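If you read the sequence shown in numbering that gives the first Met the number 0, its first letter stands for residue 0, the second for the next number, and so on. Glycine residues also receive a C-beta, built at the ideal position from the N, C-alpha and C atoms. These numbers were taken from a predicted model, which means no experiment stands behind them.
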Amino acid sequence: MIAPTPSPPYYAVIFTNYLSENQDGYHEMAERMVELAEKQSGYLGHESVRNQMGITISYWKDLESIKKWKEVSEHQLAQKLGKDAWYQSFKTRICLVEKDYGFER
Numbered sequence: 000m001i002a003p004t005p006s007p008p009y010y011a012v013i014f015t016n017y018l019s020e021n022q023d024g025y026h027e028m029a030e031r032m033v034e035l036a037e038k039q040s041g042y043l044g045h046e047s048v049r050n051q052m053g054i055t056i057s058y059w060k061d062l063e064s065i066k067k068w069k070e071v072s073e074h075q076l077a078q079k080l081g082k083d084a085w086y087q088s089f090k091t092r093i094c095l096v097e098k099d100y101g102f103e104r
């Protein structure tokens, strides 16, 4: 589903990754991170896809909301486990969305 976002400006955090062979506990943690993110002040929605590469884009009201999300203790644990075990590589990009448009049938 395409995330319903407000009129710009807002922020997008783009998290692109490749998983390692060790995925023990990864999917459960990913589900938990969605549950937690949805409860954070400033969270606007997310979209996620995985084939070989995984891409998750979360949308946020402002940079302060993104900063607070990064500081959530369970999120910090997930980041550590990701670096130590689950990810072969990843990249995070934070972008200001200045314009958006779409089409829906």
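> Considering only residues of the same chain and omitting the five flanking positions on each side of C94, which have a CB-CB separation below 6 Å?
Replying inline: Within the sequence shown, numbered from 1, the residue matching residue 94 stands at position 95. Here C94 has A11 as same chain residues with Cβ atoms under 6 Å from its own Cβ, once five neighbours each way along the sequence are excluded.
> To the nearest whole angstrom, what separates the beta carbons of V96 and P7, a pair I think is in contact under 8 Å?
Replying inline: The residue labelled residue 96 in the question sits at position 97 within the sequence shown. The residue labelled residue 7 in the question sits at position 8 within the sequence shown. The C-beta distance from V96 to P7 rounds to 5 Å, short enough to fall under 8 Å.
>> Please identify the residue among Y86, L62, L43 whose C-alpha is closest to the C-alpha of H26.
In response: Within the sequence shown, numbered from 1, the residue matching residue 26 stands at position 27. When the alpha-carbon of H26 is set against those of Y86, L62, L43, the nearest one is in Y86.
> With 16 other CB atoms within 10 Å as the buried threshold, where does S72 fall?
Replying inline: Within the sequence shown, residue 72 is the residue found at index 73, counting from 1. Result: exposed.
>> For M32, count the other beta carbons within 10 Å of its own beta carbon; 16 or more makes it buried, fewer makes it exposed. Which is it?
In response: On the sequence shown, residue 32 is found 33 positions in, with the first residue counted as 1. Its Cβ being crowded by 16 or more others within 10 Å, M32 is buried.
> Can you tell which of G41, A84, G53 has the C-alpha that lies nearest to the C-alpha of D137?
Replying inline: No answer is possible for residue 137: it lies beyond the span of the chain, which begins at 0 and ends at 104.
>> Within 10 Å of its beta-carbon, does T91 have 16 or more other beta-carbons around it, so buried, or fewer, so exposed?
In response: Within the sequence shown, residue 91 is the residue found at index 92, counting from 1. By the 10 Å Cβ count, T91 comes out exposed.
> So Q149 is in the beta strand (DSSP E); what residue range does that whole segment cover?
Replying inline: Since the first residue of the chain shown is 0 and the last is 104, residue 149 is not available in this structure.
> Just curious, the beta strand (DSSP E) that A11 is in, first and last residue?
Replying inline: What you label residue 11 is simply residue 12 of the sequence shown in a count that begins at 1. That run of the beta strand (DSSP E) goes 9-18.
>> Bridge partners for R104 per DSSP, in chain order?
In response: Here residue 104 refers to the residue found at position 105 of the sequence shown. Within the DSSP bridge table, the entry for R104 names no partner.
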